[in-house]
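Student: In order, the protein sequence lines correspond to chains L and F.
Start counting at 1 in the first sequence, then tack on 17, and there's your number in the numbering used here.
Start counting at 1 in the second sequence, then tack on 25, and there's your number in the numbering used here.
The C-beta atom is built at its ideal place from N, Cα and C for all residues, glycine as well.
Quick caveat: nothing in here was measured; it's all calculated off a predicted structure.
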Amino acid sequence: MALVETRWTSATIAGIERDGTRLVRLRLDVDGRQEHLPGQHYVVRLRAADGYTAQRSYSIASDPADPLVELMVECLPDGEVSGHLHDVAEVGDVLEVRGPIGGWFTWTGDVTAVAIGGGTGVVPLVSMLRHARRLGIADRLRLVAVGRTLDELPYAEELIAGGAFVALTRENLGSRVAAPPYPEEVRTLVDLPTPAERAYVCGSVGFASFAQRVLGEAGMRASEVRVEQFGATG
Amino acid sequence: MGRMPVTRGFTGKRRGAAADQQRAERLPPGQYDTGSDWPSLTAEATPRVDVERWSMRVDGLVETPRSWSWREIHALPGSSYFGDIHCVTTWSKFDTTFTGVSVDTLLEAAGPLPEAAYVMAHSTTGYTTNLPIADVTGGRAWVVWDFDGEPLSIDHGGPVRLLVPHLYFWKSAKWVTRLELMASDRPGFWEQNGYHDRGDPWLEQRYQGDP
């Protein structure tokens, strides 16, 4: 893939959906949009009348073929950008955006992969899933989605419908007792039906370190693991 | 860049006392927030780097020494860093965005040998700086040519520099042209001149002899 130079541009909110108290789904019509790869992110910048700005990065949930760019934003306590997007933003508002960014944490379907996301770390995995389903290559992508509860897990229904293995840490799901994913649960996905060639991990720094350890115990080679970590910056 | 729209209803929460507190917590010990300034400090005369003749090389303890022209390195998968940078001269700059290529991508192409444990970064000027290999792998180091959406200016190491943002910024060699993989550590330019071999700002490893 050639490196795409990205510049700040404007994006109009074409759709906005508050999902519970903590999640907001933005559908953006990006001016001069450049097509992304599943796994990439955008930077969103807000600008006050006096020129003060605040910017944060958010993973893309949409399929590259989607005419709009979809971002799922978690509202953090006192979050400057996420709070605005959750509480104030409306359809028709114009934001500054830059993207797509990131060329490492991307999956286009060229290899079979296991992808593990924790919390909003599942968002780039949703883009991978939508891409895979559209191309009819969902068998090349095995997803593990980890959340505290089903309500708190972004895109929980879509992930389950898409065949993701969901592990909840604070409530039971069906017959599965609340717990982080076990190495043997992950190993099944790494091994079958053919060994996964690559693994993706996305989540907080603590989650990423946990998931990398589990992948290692499940037999995934460290050199084939690609990681995207984020800290809570609001 | 054209004039950008004001975001309806946005005033910015992180200003005033709470903002000062939050920014203070992001400063490593002994650092101050330089705000929108970006001081430029260089050990040598600012060179003129011709991108038509520049190349990026990875050699030393690798399976296959590799070299990329300006055009070839731009064709690699891109990667960006968004976050803070810290200079040993005590300024820190928040919320920078750099774009280029991950050092992981370059090393992966060359194939480090098992005994490779350190890297010497070389600049076109002859400037050098040494780093443990663990500090330039795992998504923590980049070769960058773009700052905040614009080509990196020459006084800040443009057209291309190393970026290792979790270490003091002298480790982020300006005008980088070569990464040499080594079995044992060897001091670079500032490191021979009394500066720390690793340079972690949170441990305040400014000078040789600091913990």
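Using a C-beta cutoff of 7 Å, does L/TYR69 count as contacting chain F?
Tutor: Judged by the 7 Å Cβ criterion, L/TYR69 is in contact with chain F.
Student: Is it a yes or a no for the stretch 102-109 of chain L touching the stretch 30-42 of chain L, going by three-plus beta-carbon pairs under 8 Å?
Tutor: Touching, yes.
Student: Given 8 Å as the limit, is there contact between the stretch 163-177 of chain F and the stretch 125-139 of chain F, that is, 3 or more CB pairs closer than that?
Tutor: As far as the Cβ criterion goes, the stretch 163-177 of chain F touches the stretch 125-139 of chain F, which means the pair count is three or higher.
Student: Measuring CB to CB, does L/GLY56 end up less than 7 Å from L/TRP124?
Tutor: In this structure, L/TRP124 lies closer than 7 Å to L/GLY56 by Cβ.
Student: Using 7 Å as the threshold, is the C-beta distance between F/PHE214 and F/THR153 below it?
Tutor: Taking 7 Å as the Cβ cut-off, F/PHE214 and F/THR153 qualify as a contacting pair.
Student: Rounded to the nearest angstrom, how far is the Cβ of F/PHE107 from that of F/THR89, given a contact under 8 Å?
Tutor: That belief does not hold up - the Cβ atoms of F/PHE107 and F/THR89 are roughly 32 Å apart, past 8 Å.
Student: Take every Cβ of the stretch 27-37 of chain F, pair it with every Cβ of the stretch 143-156 of chain L, and state whether three or more of those distances are shorter than 8 Å.
Tutor: No contact exists between the stretch 27-37 of chain F and the stretch 143-156 of chain L.
Student: Taking Cβ positions, are L/VAL139 and L/PRO171 nearer each other than 7 Å?
Tutor: Yes; because the gap between Cβ atoms is below 7 Å, this pair is in contact.
Student: Of all the residues that make up the stretch 45-60 of chain F, which are near chain L by a beta-carbon distance shorter than 7 Å?
Tutor: Per Cβ criterion, the list is empty.
Student: Rounding to the nearest angstrom, what Cα-Cα distance links F/GLN56 and F/HIS221 in this structure?
Tutor: Those two C-alpha atoms are separated by around 17 Å.
Student: Looking only at its own chain, which residues have a Cβ that is under 8 Å from the Cβ of L/ILE118, when we skip the five neighbours before and after it?
Tutor: Closer than 8 Å at the Cβ level, and outside the excluded window around L/ILE118, lie THR23, GLN57, HIS58, TYR59, VAL60, SER74.
Student: Rounded to whole angstroms, what is the Cα-Cα separation between L/GLY68 and L/GLU113?
Tutor: Going from the Cα of L/GLY68 to the Cα of L/GLU113 covers about 13 Å.
Student: Check each residue of the stretch 120-145 of chain F: if its Cβ is closer than 9 Å to any Cβ of chain L, include it; give the result in chain order.
Tutor: Answer in chain order: ASP120, THR122, THR124, GLY125, VAL126, SER127, ASP129, THR130, GLU133.
Student: In chain order, what residues of the same chain lie with their CB nearer than 6 Å to the CB of L/GLU245, ignoring the 5 residues before and after it?
Tutor: PHE122, CYS219.
Student: Report the residue ranges of all beta strand (DSSP E) runs contained in full by the stretch 129-197 of chain L; include only those spanning at least 3 residues, in chain order.
Tutor: Whole beta strand (DSSP E) segments, 3+ residues: 130-135, 158-164, 182-185.
Student: Kindly indicate the opening and closing residues of the alpha helix (DSSP H) around F/GLY85.
Tutor: Element bounds for F/GLY85: not the alpha helix (DSSP H) but the beta strand (DSSP E), 80-85.
Student: Helix, strand or coil: which one does DSSP assign to F/SER92?
Tutor: Here F/SER92 sits in strand by DSSP.
Student: Buried or exposed, going by whether 16 or more other CB atoms sit within 10 Å of the CB of L/ARG230?
Tutor: L/ARG230 is exposed by the Cβ-count criterion.
Student: To be precise: take each residue of the stretch 23-49 of chain L, compare its Cβ to all Cβ atoms of chain F, and keep it if any distance is under 8 Å. Which residues remain?
Tutor: Those residues of the stretch 23-49 of chain L that come within reach of chain F (Cβ to Cβ, closer than 8 Å) are THR23, ARG24, TRP25, SER27.
Student: What residues in its chain sit with their C-beta under 7 Å from that of L/THR250, if we drop five residues either side in the sequence?
Tutor: The predicted position of L/THR250 is uncertain, since its pLDDT is 49 and thus under 50; no value can be drawn from it.
Student: Please report the distance separating the alpha-carbon of L/VAL41 from that of L/PHE182.
Tutor: Taking the straight line from one Cα to the other gives about 23 Å.
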